[in-house]
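Visitor:
Numbering (the working numbering), first residue to last: 959 to 2207.
1. Cutting at 7 Å between CB atoms, please list the residues of its own chain near residue 1650, excluding the five before and the five after it.
2. Quick one: which unbroken alpha helix (DSSP H) runs of 4-plus residues sit fully inside the stretch 1416-1485? Chain order, please.
3. Looking at residue 2094 and residue 2016, is the spacing between their C-beta atoms short of 7 Å?
4. Let me confirm a value: residue 1056 is counted as buried when at least 16 other C-beta atoms fall within 10 Å, else exposed. Which label applies?
5. Is it buried or exposed, residue 990, if we count other Cβ atoms within 10 angstroms and call 16 or more buried?
6. Between residue 1182 and residue 1230, is the Cβ-Cβ spacing less than 7 Å?
7. Straight-line CA distance for residue 1179 to residue 1226?
8. With burial defined as no fewer than 16 other Cβ atoms inside 10 Å of the residue's Cβ, what is the status of residue 1431: buried or exposed?
9. Identify, in the order they occur along the chain, each residue of the same chain with its Cβ nearer than 8 Å to the Cβ of residue 1189, setting aside the five sequence neighbours on each side.
10. Going by C-alpha distance, which of 1698, 1086, 1699, 1632 is nearest residue 1670?
11. What are the start and end residues of the beta strand (DSSP E) that includes residue 1139?
12. Identify every residue that forms a DSSP beta bridge with residue 1575.
13. Label residue 1664 either buried or exposed according to how many other C-beta atoms from any shown protein chain fall within 10 Å of its C-beta, with 16 as the threshold for buried.
14. In angstroms with no decimal places, state the Cα-to-Cα distance between residue 1274 and residue 979.
15. Any idea what DSSP makes of residue 1978, helix, strand or coil?
16. In angstroms, rounded to a whole number, what distance separates the CA positions of residue 2089 and residue 1775?
17. Can you grab the Cα-Cα spacing for the pair residue 1317 / residue 1149, in whole Å?
18. Taking the C-alpha atoms as reference points, what is the distance between residue 2068 and residue 2011?
19. Return helix, strand or coil for residue 1095, following the three-state DSSP convention.
20. Just to confirm my understanding: we take residue 1694, look at its own chain, exclude 5 residues before and 5 after, and list those with CB closer than 6 Å. What are they?
21. Flag this pair as touching only if the stretch 1247-1267 and the stretch 1095-1111 have three or more C-beta atom pairs under 8 Å; answer yes or no.
22. Straight-line CA distance for residue 2080 to residue 2135?
23. Could you tell me whether the Cβ atoms of residue 1508 and residue 1501 are closer together than 7 Å?
24. Rounded to whole angstroms, what's the CA-CA distance from residue 1304 to residue 1544? Just pull it up for me.
25. Give me the Cα-Cα distance between residue 1783 and residue 1715, rounded to the nearest whole angstrom.
26. On the three-state DSSP scale, how would you describe residue 1162?
27. Measure the C-alpha to C-alpha separation of residue 1596 and residue 1111 and round it to an integer number of angstroms.
28. So, is residue 1557 buried or exposed, given that buried needs 16 or more other C-beta atoms within 10 angstroms?
29. Taking 6 Å as the line, does the beta carbon of residue 1139 fall inside it for any heavy atom of the ligand ADP?
30. Who are the Cβ neighbours of residue 1687 in its own chain at under 6 Å, not counting the five residues just before and after it?
31. What residue range does the beta strand (DSSP E) around residue 1987 cover?
32. DSSP on residue 1143, reduced to helix/strand/coil?
33. So, helix, strand or coil for residue 1278, using DSSP?
34. Go ahead and pull the three-state DSSP assignment for residue 1089.
35. In this structure, how does DSSP classify residue 1863 when only helix, strand and coil are distinguished?
36. Apply the 10 Å Cβ neighbour rule to residue 1235 and answer buried if 16 or more other Cβ atoms are within range, or exposed otherwise.
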């Protein structure tokens, strides 16, 4: 009896710690929490918990649940125990290998904690019905699959019921707490459906699988993973070792053995080591590495959140937590927003389009195998006679009596449409009602108008499904669907006898439409919005009935004698009869947005009218299909320099601003030439005088439709004329990538350079923009405001005074000279020089700019030049033709040599050799040999001439410098921010780590494709590593990887960085020395809001500071000085290499001289501390976010006009370099009172008083 009493007393004391938490009040408890010891009994007896997964996380979750008082636990896991699980799944031992994980875990927990009852389920989570999941109070997940997470998320969301106001019923919500780990990283998410974002809303946070570039796998493998991926992706589909269409089974020993043998052969061929069976399993099965300690941390957080959710004692997680312990402990919590279009937690419907001949089996197969749906066990229901009727349930025991429905067609059996309620979805759309649109038309009506109603297909048009062979990398919309049976090709229609009818709403028609179409809307804008609101609420039948009533009324009104449709048909028939003298068949082509109900309904009624000599057609796919075809052809036509595309030469008119390019295009068009007037299509003049009213500018869709119609008329033309434009034509119109490539390329493109004097250009601008001269002062101020970011205040005030005095000629002249001309020369100079080098650029001198001169003189010469080009080609024209007595090359003073910007350039650019175009800024301390091009980067060693710290005038510019040894020097590229412009992660592989004579830190040779460069190495770099340069600044700070480059705004507080950019895009200027580091001490809350930062930079004055929420602050670890930066400044994570360089001593006296360090006399010794230590204050904050005031001659943030010509400065460098090569006679020093030799100076001794 005593023994039994002790056991009962121990049982009562087991949960004493829980009574202390739940039975007492605290300062941090929730307001609705009422302390009571009764909560412990409810927790241990009434709460039922479901644990999904019994692996590394599941074992830790089960252990923590059992020790925290949860006594009713169910665990689901279909896997068996493997020997590789024993290192982190402590509930299993060697004797359990091969047994079910769920059963062994349940036995262990039950044996260890007698009061805990664990029920195992060795089955899949998809094998349970919704009633099974309804019996649990909370669900905890420890899964290693995103697909399984999405399934359980969808299942629990489908159990939530909503009232009429859309609010969830609290009694139907089952909380979900999910966690996951990968190495030393992990996360926890708490989902309360209807209140927080779900797993479907957070899919963007899951890291993508590591995929290697296919070109690297196939041609230049470097890693053992490349060999395995080569066999898996390329060799397996080619050889099909286990029969045709047999996929790789990661659990099959035969499959893994075959992949292992082929991978070893591939690795031996390229000399790669490290391929083993464990690596093959990891690559094929995508095994995620796990660490036991990380599993324990995440599992503890999961169980803690479950405890807080069930007891409501403290605030639970809201609702996502990141964890990382790679370099210290790092956690970050934030709230996942509910996506408004999430079909899981927002109960949004999705529409499907099926053929009327589809059967119920086809619908079920579509729901299961569609890439967007992927439902595991769908339930299909319909409405018949006002009641719901189940047609299909994916359970064997429930399918009795329903199997006869599978072969039946949808149109013959069901009249109100079908809703697929995804009771058990695999991926998404679980709570959504999928309204399946079925074009149902009775067979009797179909027979009546089958001879009249036809479909017009766009799938057979050029480039509807193909791309030009010379541009396979164009980003195009998806290919068009295959043509319908008995459809008519679009190209077979005659525009003179075809009437296009747009049945969309007026706002849709105003946004864009097919050229030549007339708008006869079936639904007005308000009616369409009303129907859409009803449909979005899930009332599909009510929405269809209301839409049908609106459509019937509108079509009936349009068919009245005064209606638009009746008047249009009568007028079109009369015009055809008057033109031909006989009756011609009129074709009515009706289209809507997608070729669905609106166009089908109007076409059906028009066909039933049986109008004489009238044939009704529908456009398959509607406007959406036409839009896809239009975008594809806009990109493909210019790149296809052959019949069927722009096979003729594209002549581009280039000039400085104000040379009358648009006027010349108009004259060419009047002479019968094919002209692409881009500014007219965009309704915009290419100058700030053209206007700032964005409401008058067409949309991008309208601009592309106009450009498409113009290109279609220019196909197969011998020559096409246009003007040089940037990619943005106006405020809202942009050129497509294909046309932009043709405009900037050299294949099939020629350029004309129009040269005119400054006075002629000023006169033409004042004539062409006469309305701007007499406009209001507000317009003038708008022009000056747009120039504020480029010029100094002093220059702007000068221009404002000119406009106030009415001296617009002087203002325009200065604006051309100081703004437009430098910008044009900088942006277009390299391209035009490249055209000139290939003989594709011709120059025309314009003595005057007028319409008559262009028509009588310039246009005939241009037509003559184009004829010569078509007959003899560009080389003969370059060697023989001279226009207006001038050479075809460009004058040096008008278009100087190109000044390249910093950027990674490959062999496809203007450079002769692949590499980095890097304008190395010459220093008089380091002087490059005059035979080396300073603008062409090279990784080869450079012969350097040491100037000893003296400038070209012979004066000392750097003290304590000497010539030193002429050791080879390597150019180091400090720019790691080029990915900020391309918006792509830039990857490089480290080929070599080297120590250079003239630098303290180590340098690393990196390669990306054909481009190599030297960079400053960090302390952790080694050969073979892959470093990345990132560009994105997310809301949540990233987990930094040492050696990678990030915008400083993307990194968390406390990150140690180096090689810091003070200004975006200018390269590292701070922390470049050996061992240098800085630490991020403050990070603004809105550093990810680049639009807000851009607005503040554009609107503020130079003296106004930027808000702290848009900036980051770093502290230099050695000087303790703080630096305030913009979030887009790029930094490198880690410490600069060779941090112990200051501990190395010089071995002898002359070694300092070798390094260029000038020796002191020896009299000025280092202070011994006798007179105390001097404490210097820390330097003030270095604010790099302020806009600096620029002087005249400079344009801020764009470019700088040099004070002296480049040729003169280059000549000074060459003269100085030649002077260094000359051996001058050394003049010995003359002893004197102030420059005596050391041994002749009097000896100094200390005197003690």
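For glycine and all other residues, C-beta sits at the position ideal for the given N, C-alpha and C.
Guide: Straight from the coordinates:
1. For residue 1650, the predicted model reports a pLDDT of 46, less than 50, meaning its position is unreliable; a value from the coordinates is still stated below. Excluding sequence neighbours, residue 1650 sits near 1740.
2. 1464-1469
3. yes
4. exposed
5. When all chains shown are included, residue 990 counts as exposed.
6. In this structure, residue 1182 places its C-beta atom within 7 Å of the C-beta atom of residue 1230.
7. 11 Å
8. It is exposed - the Cβ of residue 1431 has fewer than 16 other Cβ atoms within 10 Å.
9. Within the same chain, residue 1189 has close Cβ partners 1217, 1220, 1221, 1224.
10. 1632
11. That run of the beta strand (DSSP E) goes 1134-1140.
12. 1412, 1547
13. buried
14. 15 Å
15. coil
16. 38 Å
17. 38 Å
18. Taking the straight line joining both Cα atoms gives about 15 Å.
19. Coil, per DSSP.
20. 1592, 1593
21. Touching, yes.
22. 13 Å
23. Contact flag unset, no.
24. 48 Å
25. 16 Å
26. Looking at residue 1162 - three-state DSSP - the assignment turns out to be helix.
27. 48 Å
28. buried
29. For the ligand ADP, the structure offers nothing, since it holds no ligand at all.
30. Result list for residue 1687: 1636, 1640, in chain order.
31. 1984-1987 is the extent of the beta strand (DSSP E) around residue 1987.
32. strand
33. strand
34. helix
35. With a pLDDT of 27 at residue 1863, under the threshold of 50, the predicted position of this residue should be treated as unreliable, and no value is reported.
36. Flag for residue 1235 reads exposed.
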